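See structure below.
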Amino acid sequence: MKKLLTVTALVAGLSMAQVQAKDWNNIRIGVEGAYPPFSSVTPEGELVGFDIDIAKTLCEQMQAKCEFVKQDWDGIIPALLARKYDAIIASMSITEERKKKVAFSDKYYNSPAEFIAPKGSSLVISADGLKGKKIGVQRETIHDKYATEHYPDAEIVRYGTQDEAYLDLQAGRVDALLLDAVAGEDGFLKKPEGANYAFIGEPIQLSEEGAGIAIRKQDTDLVEKFNKAIADIRANGKYDEVAKKYFSFDIYGK
Amino acid sequence: MDFSIIADNWPLYMQGLGLTLQLVALSLVIGFCIALPLALMRQSSIKAVSWFAWGYIYFFRGTPLLVQLFIIYFGLGQWEWLKTTWAWDLFKEAYFCALLSFTLNTAAYSAEIIRGAIAATPHGEVEAAVAYGMSPFKRMFRIILPSAARRALHAYSNEIIFMLHGSSVAGIITLNDLTGVARLVNSRYYSPFEAFLTSGLIYLCVTFAIVAAVKALENRWHAHLRPRTA
Numbered sequence: 001m002k003k004l005l006t007v008t009a010l011v012a013g014l015s016m017a018q019v020q021a022k023d024w025n026n027i028r029i030g031v032e033g034a035y036p037p038f039s040s041v042t043p044e045g046e047l048v049g050f051d052i053d054i055a056k057t058l059c060e061q062m063q064a065k066c067e068f069v070k071q072d073w074d075g076i077i078p079a080l081l082a083r084k085y086d087a088i089i090a091s092m093s094i095t096e097e098r099k100k101k102v103a104f105s106d107k108y109y110n111s112p113a114e115f116i117a118p119k120g121s122s123l124v125i126s127a128d129g130l131k132g133k134k135i136g137v138q139r140e141t142i143h144d145k146y147a148t149e150h151y152p153d154a155e156i157v158r159y160g161t162q163d164e165a166y167l168d169l170q171a172g173r174v175d176a177l178l179l180d181a182v183a184g185e186d187g188f189l190k191k192p193e194g195a196n197y198a199f200i201g202e203p204i205q206l207s208e209e210g211a212g213i214a215i216r217k218q219d220t221d222l223v224e225k226f227n228k229a230i231a232d233i234r235a236n237g238k239y240d241e242v243a244k245k246y247f248s249f250d251i252y253g254k
Numbered sequence: 001m002d003f004s005i006i007a008d009n010w011p012l013y014m015q016g017l018g019l020t021l022q023l024v025a026l027s028l029v030i031g032f033c034i035a036l037p038l039a040l041m042r043q044s045s046i047k048a049v050s051w052f053a054w055g056y057i058y059f060f061r062g063t064p065l066l067v068q069l070f071i072i073y074f075g076l077g078q079w080e081w082l083k084t085t086w087a088w089d090l091f092k093e094a095y096f097c098a099l100l101s102f103t104l105n106t107a108a109y110s111a112e113i114i115r116g117a118i119a120a121t122p123h124g125e126v127e128a129a130v131a132y133g134m135s136p137f138k139r140m141f142r143i144i145l146p147s148a149a150r151r152a153l154h155a156y157s158n159e160i161i162f163m164l165h166g167s168s169v170a171g172i173i174t175l176n177d178l179t180g181v182a183r184l185v186n187s188r189y190y191s192p193f194e195a196f197l198t199s200g201l202i203y204l205c206v207t208f209a210i211v212a213a214v215k216a217l218e219n220r221w222h223a224h225l226r227p228r229t230a
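As given, the protein sequences belong to chains A and B, one line each in that order. Going by the UniProt record's numbering, the first residue of the first sequence is number 1, and it counts up by one from there. Going by the UniProt record's numbering, the first residue of the second sequence is number 1, and it counts up by one from there.
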């Protein structure tokens with residue numbers, strides 16, 4: 001009987017500890033840090049970017065203490081599931097495949113995709129025009145998926161980070177990149193190394209749903225917390241304050 | 001655990017295995033052709049020649065394969081003048097860059113293995129060759145190298161296996177080798193365990209095949225060293 005009591009007490013104690021942890025006063029947030037202007041690391045080692053600022057604003061709104069954990073894109077969902085952090089704020093587009101593994105908050109922005117190629121490139125953006133051409137994408141992003149499905153005769157070259165893709169475009173190893181229009185403009189075209197490159201074709205709206213915050217499925221309370229915080233900062237103008245720092249247009253989308 | 005994704009992507013894994021085997025086999029063959037003269041140069045009594053071989057071997061053994069690959073792939077891509085030459089047609093291809101760095105790397109290791117085996121040639125064998133009046137050239141190719149090859153075989157089988165495992169860095173420069181495919185499958189289904197376990201098991205099978213093949217060769221080549229059975 002005594003043993004049973006101890007066990008019961010232990011279980012009660014454990015579940016109490018769990019309840020306390022679920023107050024979400026401390027949230028660890030996974031970020032990528034290689035996707036300017038959304039997320040990058042300064043030479044001093046500081047994380048900066050739209051994702052980072054939005055994350056800080058959301059945490060302020062939720063009155064939670066946030067800690068950032070930098071994680072490469074390839075392992076960003078597995079690390080969430082392995083509890084290395086509690087939420088991913090890394091410009092992650094909401095897709096059906098990802099929804100099988102994680103839950104998403106409402107979107108916090110939605111930007112189109114576009115092709116970048118050397119200035120004066122005669123590339124025609126169509127299944128025929130891209131036949132046999134090399135298109136660089138970041139591995140298993142919505143851009144990778146879109147290019148793989150829509151340009152079956154093109155060679156899709158996949159990179160671990162967007163920065164590596166920029167390097168190979170400059171080296172001439174790929175004919176064009178398909179990527180987020182905003183990331184491409186601020187992270188590459190506006191920089192000195194992007195001077196000889198330009199957007200080609202029209203912007204493509206790849207995702208209806210936009211980018212959201214990914215959270216483990218069982219943490220439904222955290223999803224709700226983030227949803228409320230997103231709605232709050234949209235309403236009280238803090239979202240626009242951050243967005244204005246980075247973009248001259250409405251990044252939130254319709 | 002859901003291994004149905006592996007079944008669905010099995011052809012992809014087989015393509016990855018093909019690329020891995022091709023890269024490793026080619027780099028080992030070409031690397032060996034460089035290693036042999038390099039080992040002989042290392043033994044040379046001409047200082048400049050032996051120092052060159054020494055420098056080459058110590059550069060490639062002293063730096064990680066991944067760093068060598070990055071220097072060749074991303075590093076050379078920054079040189080504008082290189083892009084204006086015919087060589088760029090080669091360096092443009094990730095496959096060539098991987099093959100080049102693997103070849104240079106394995107050449108250095110193999111050269112050290114061959115040099116060690118040559119240095120360990122029993123004195124008696126060399127003396128006997130001299131007594132027969134063989135020229136130094138003939139001595140090298142008739143006596144020393146065949147005998148060294150037998151001694152080097154075991155150490156070289158390790159080099160083959162290291163090369164097989166080292167080739168996994170090819171996935172980083174966009175090639176879909178066995179590891180690259182695992183990364184692709186992982187990022188598509190977010191199932192790191194299934195994706196990497198599968199390529200791990202395939203590497204394991206190939207490693208065993210190499211070990212078995214070397215064992216068979218040893219049995220044949222080292223027949224004269226086995227204790228005699230009645």
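By construction, the Cβ of each residue, glycine as well, lies at the ideal position given by its N, Cα and C atoms. Bear in mind that the values here come from a model prediction, so they are computed numbers and not experimental data.
Reduced DSSP category for VAL174(A) - H, G, I as helix; E, B as strand; rest coil:
If DSSP states are grouped into helix, strand and coil, VAL174(A) belongs with coil.
Counting only Cβ pairs nearer than 7 Å, list the residues of chain A close to SER187(B).
ASP74, ARG139, GLU140
Listed in chain order, which residues of the region 168-197 of chain B have Cβ atoms closer than 8 Å to some Cβ of chain A?
ILE172, THR174, ARG183, LEU184, ASN186, SER187, ARG188, TYR189, TYR190, PRO192
Using a Cβ-Cβ cut-off of 7 Å (strictly less than) and excluding sequence neighbours within five positions of ASP128(A), which residues of its own chain qualify?
Cβ neighbours of ASP128(A) within its own chain (closer than 7 Å, five residues either side excluded): none.
Every unbroken alpha helix (DSSP H) within the region 65-132 of chain A, with a cutoff of 4 residues, ordered by chain
Runs of the alpha helix (DSSP H) lying entirely within the region 65-132 of chain A and spanning at least 4 residues, in chain order: 76-81, 96-101.
Under 6 Å: does the beta carbon of GLN138(A) sit that close to some heavy atom of the ligand COA?
In terms of ligand content, the structure shown is empty, and the ligand COA therefore cannot be addressed.
Test: GLY77(B) CB closer than 7 Å to a CB of chain A:
yes
In chain order, what residues of the same chain lie with their CB nearer than 6 Å to the CB of GLN205(A), ignoring the 5 residues before and after it?
PRO112
What did DSSP end up calling LYS191(A) once you bin it into helix, strand or coil?
coil
Just to confirm the assignment, what range does the beta strand (DSSP E) spanning GLY136(A) have?
Secondary structure note for GLY136(A): its beta strand (DSSP E) is the uninterrupted segment 134-138.
Pull up the distance between the alpha-carbon of PRO203(A) and that of TYR252(A), whole angstroms please.
16 Å
For TYR146(A), list the residues DSSP reports as bridge partners.
DSSP lists no partner for TYR146(A).
In chain order, what residues of the region 208-228 of chain A put their CB closer than 8 Å to some CB of chain B?
Per Cβ criterion, the list is empty.
Assign GLN162(A) to buried or exposed, taking buried as 16 or more other Cβ atoms, counted over all protein chains shown, within 10 Å of its Cβ.
buried
Can you pull the chain A residues whose beta carbon is under 7 Å from the beta carbon of LYS83(B), in chain order?
GLY172
How many angstroms separate the CA atom of residue 235(B) from the CA atom of LEU17(B)?
Absent from the model: residue 235(B). The displayed extent of chain B is 1 to 230, so no value can be given.
Taking Cβ positions, are ILE57(B) and ALA120(B) nearer each other than 7 Å?
Against a cut-off of 7 Å, the Cβ pair of ALA120(B) and ILE57(B) comes out as no contact.
Contact set between TYR159(A) and chain E, taken where Cβ atoms lie within less than 8 Å:
Any reference to chain E falls outside this structure, whose protein chains are A and B.
Roughly how many angstroms separate the alpha carbons of LEU12(B) and VAL181(B), rounded to a whole number?
7 Å
With distances taken from CA atoms, which of PHE50(A), PRO192(A), VAL69(A), LEU179(A) is nearest GLU140(A)?
LEU179(A)
Do ILE161(B) and THR103(B) come within 7 Å of each other at the CB atom, strictly closer than that value?
no
Would a check of beta-carbon distances place PHE74(B) closer than 7 Å to chain A?
yes
Here's the rule I'm using: 16 or more other beta-carbon atoms within 10 Å means buried, otherwise exposed. How should VAL19(A) be labelled?
Because the pLDDT of VAL19(A) is 46, which lies under 50, any placement of that residue in the model is unreliable, and the number read from its coordinates should be weighed accordingly. Taking all protein chains in view, the Cβ of VAL19(A) is surrounded by fewer than 16 other Cβ atoms within 10 Å, so the residue is classified as exposed.
For the beta strand (DSSP E) holding TYR151(A), just list the boundary residues, first then last.
Careful: TYR151(A) lies outside any beta strand (DSSP E) and carries neither H nor E.
On the three-state DSSP scale, how would you describe LEU206(A)?
In the structure shown, LEU206(A) sits in coil (DSSP, three-state: anything other than H, G, I, E or B).
Leaving out the 5 sequence neighbours to the left and right, which residues in its chain are closer than 8 Å to MET1(A) when beta-carbon positions are compared?
Summary for MET1(A): the model assigns pLDDT 49, below 50, so the residue's position carries little reliability; its value from the coordinates is reported in the next sentence. Excluding sequence neighbours, MET1(A) sits near nothing in its chain.
Chain B partners of LYS101(A), CB-CB under 8 Å?
TYR190
Mind pulling the chain B residues with CB within less than 8 Å of PRO192(A)?
Correct list: empty, because the minimum Cβ distance to chain B is about 14 Å.
Taking only beta-carbon atoms, is LYS92(B) less than 7 Å away from chain A?
For LYS92(B), a Cβ of chain A is located within less than 7 Å of the residue's own Cβ.
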